[in-house]
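Asker: Sharing a structure with you now.
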Amino acid sequence: MTSALYLEDPRLLDFEAKVLATHRTKQGTEIVLDRSAFYPEGGGQPADHGDIDGIPVVHVRSDGGSIFHRVEGEVPGALEDAVVRCRIDASRRRDYQQQHTGQHLLSGAFMQVGPYPTVSVHQGSDYTTIEIEASTIPELDLDRVERLTNEAIEADLPVAAHWATEETIDRYPLRRPPKVRDSIRVVQIGDFDCVACGGVHLSRTAEVRMVRLLDVESIRGNTRTSWKIGDRAFAHYRETSTVVKQLGGALSAKTHELAERVGMQEERIRSAELEIRRLSERLHELVAERLLHEAERRSRSGRNHAVITAHLAEEPKDLLRGVTERLVEVPGLAVCLVNRTGDRLQWSIGAGPGAPLEFESVRGELLPIIDARGGGRRPIWQGVGTRVEQAPAFLERFRELVAAARREDD
Ligand SMILES: [Zn+2]
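Residues in the sequence shown are numbered consecutively from 1206, following the working numbering.
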């Protein structure tokens, strides 16, 4: 059995104790002491950290009246029966005392405003969540809960713990019925809140400093509220005001203008995107027209205009597809375009209605020329190759294959 010192004195952070036992577990070694101020995980509050004779304590749990301190690293064999010096990580303890005491105040305030009963709490390493039994909570009520709690903090109310039994428990105005029957520990914060709890709290509410609502979400028909409490609320204020300042600088706007300014920016981006799409389509049309025009000129000089090939460079990524889409509308036309961007060669092949081109039967001969991958289905196939210097050979072979297919058709 371990005497739980944290229940009587939440300020005790440095103490001596006798080692009752040590044993190995899967995760490390656990040390049992005759007395301990280390808070074991429970009631939504994480365990204290610290050290025992310089050996870091990384987790603490309570089981059957004993407190098990899990330590990292090697534990000297002769530790049993030894008297050890134990120290608790003060800033971690203070943080969770703030979280825990702040949570009591918030749960109390929720009852005064609603009543909105607390279903469960979780003290995370970043923020504390309180799940409330209500499908929705009006924003006005959330504001009142936050304000009431900050007023209780400012009033610097005393936080006291009392022991009660089943007979004496009715003397206390408990926020909810206790979970244990005898030796009930009651935590009373002035006349603001009263609840049965075995956790470690602060001694006065002013030490909580501040609470700030972070987020509200629906979960299992309840409402989960997330809070920044204590020093975390101040750190959060510092972070967010820095971000707001940076945004204000970037957008040349005052804080109250930011939301409207961002809305305006979004509107400008939306219309710019529309304009880009319109211009791209126009560009694809013009390039397709130019290629057709050149092909017609060549056909007058005796060459077949039913094949179009083109070697482009550093064009936008969607240009090949856009141009090919327009060219495959021309009956009988076979198209092969490449676009070199850096050390990659984008390729696109298209077949207009009735064009004598079966891609699957020529891919084995064509794609290796530029070491390409890709595919598609009639009327457009596309992909990327790596042998950019082979682009002319690739296009030339395409023309030959189409010409051969055409002779077969004839
Ligand atoms: Zn508590």
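Positions of the beta carbon are idealized from the N, C-alpha and C atoms, including for glycine. These numbers come from a predicted model, not from an experiment.
(1) Can you name the residues that DSSP bridges to E1274?
(2) Please classify L1640: does DSSP put it in a helix, a strand, or coil?
(3) Starting from the Cα of A1500, find the closest Cα among D1523, G1527 and V1535 and give me that residue.
(4) Determine the contact status of T1234 and V1262, defining contact as a CB-CB distance below 8 Å.
(5) Take D1523 as the anchor and find which of W1552, H1498 and G1537 has the nearest alpha-carbon.
(6) Should I1434 be labelled buried (16 or more other beta-carbon atoms within 10 Å of its own) or exposed?
(7) Grab me the residues of R1604's own chain with a C-beta within less than 7 Å of its C-beta, minus the 5 sequence neighbours each way, in chain order.
(8) From which residue to which residue does the beta strand (DSSP E) around S1431 run?
(9) For a test of your reading of the model: does the CB of H1327 fall under 7 Å from any non-hydrogen atom of ligand 1? Yes or no.
(10) Quick one: what does DSSP say K1450 is sitting in, helix, strand or coil?
(11) Just curious, the beta strand (DSSP E) that L1362 is in, first and last residue?
(12) Tell me which residues share the same chain as Q1232 and place their Cβ nearer than 7 Å to its Cβ, disregarding the 5 neighbours each side in the sequence.
(13) Less than 8 Å between the beta carbons of A1401 and K1384, yes or no?
(14) Look at the alpha carbon of A1222 and the alpha carbon of S1340, and state the distance between them as a whole number of angstroms.
(15) Are the CB atoms of H1305 and H1406 within a distance shorter than 8 Å?
(16) Measuring CB to CB, does V1237 end up less than 8 Å from F1273?
(17) Could you tell me which of D1436, L1542 and T1230 sits nearest to E1412, measuring between CA atoms?
(18) Over what stretch of residues does the alpha helix (DSSP H) that includes V1528 continue unbroken?
(19) For H1498, count the other beta carbons within 10 Å of its own beta carbon; 16 or more makes it buried, fewer makes it exposed. Which is it?
(20) Output needed for R1531: all residues of its chain with C-beta closer than 7 Å, excluding positions within five of it in sequence on either side, in chain order.
(21) I want to know whether the stretch 1312-1325 touches the stretch 1392-1401 - three or more CB-CB distances under 8 Å.
(22) Can you name, in chain order, every residue of its own chain whose Cβ lies under 7 Å from the Cβ of G1555, other than the five neighbours on each side?
(23) Could you tell me which whole alpha helix (DSSP H) segments of length 4 or greater appear in the stretch 1552-1577?
(24) From H1441 to L1284, what distance separates their C-alpha atoms?
(25) Within 10 Å of its beta-carbon, does F1439 have 16 or more other beta-carbons around it, so buried, or fewer, so exposed?
(26) Does at least one heavy atom of ligand 1 sit under 7 Å from the Cβ of G1307?
(27) Among G1559, D1286, E1486 and G1569, which residue has its Cα nearest to the Cα of G1527?
(28) For G1435, verify whether its CB is less than 7 Å away from any heavy atom of ligand 1.
(29) If you follow the beta strand (DSSP E) that G1590 is in, where does it begin and where does it stop?
(30) Which residues bound the alpha helix (DSSP H) around Q1308?
(31) Residues in its own chain within less than 7 Å of D1361 by CB, not counting five upstream and five downstream?
(32) Among I1574, V1593 and G1537, which one has its Cα closest to the Cα of V1607?
(33) Here's the rule: buried if 16 or more other CB atoms are within 10 angstroms of the residue's CB, otherwise exposed. What is G1468?
(34) Please report the distance separating the alpha-carbon of G1404 from that of T1460.
(35) Given 8 Å as the limit, is there contact between the stretch 1418-1431 and the stretch 1211-1228, that is, 3 or more CB pairs closer than that?
(36) To the nearest angstrom, report how far apart R1297 and L1463 are at their CA atoms.
Answerer: Taking the geometry as given:
(1) Just to set this straight, residue 1274 is His in the shown sequence, not Glu. Per DSSP, I1236 and V1265.
(2) Limits of the chain in this structure are 1206 at one end and 1615 at the other, which puts residue 1640 out of reach.
(3) V1535
(4) no
(5) W1552
(6) buried
(7) V1512 and T1514
(8) N1427 to I1434
(9) no
(10) helix
(11) Run containing L1362: none; DSSP gives neither H nor E here.
(12) R1275
(13) yes
(14) 48 Å
(15) yes
(16) yes
(17) D1436
(18) L1524 to L1532
(19) exposed
(20) H1489, E1490 and A1493
(21) yes
(22) T1529, L1532, V1533, V1540, P1584 and I1585
(23) 1564-1571
(24) 43 Å
(25) exposed
(26) no
(27) E1486
(28) no
(29) I1585 to G1590
(30) A1295 to V1318
(31) R1409, T1410 and A1411
(32) G1537
(33) exposed
(34) 40 Å
(35) no
(36) 36 Å
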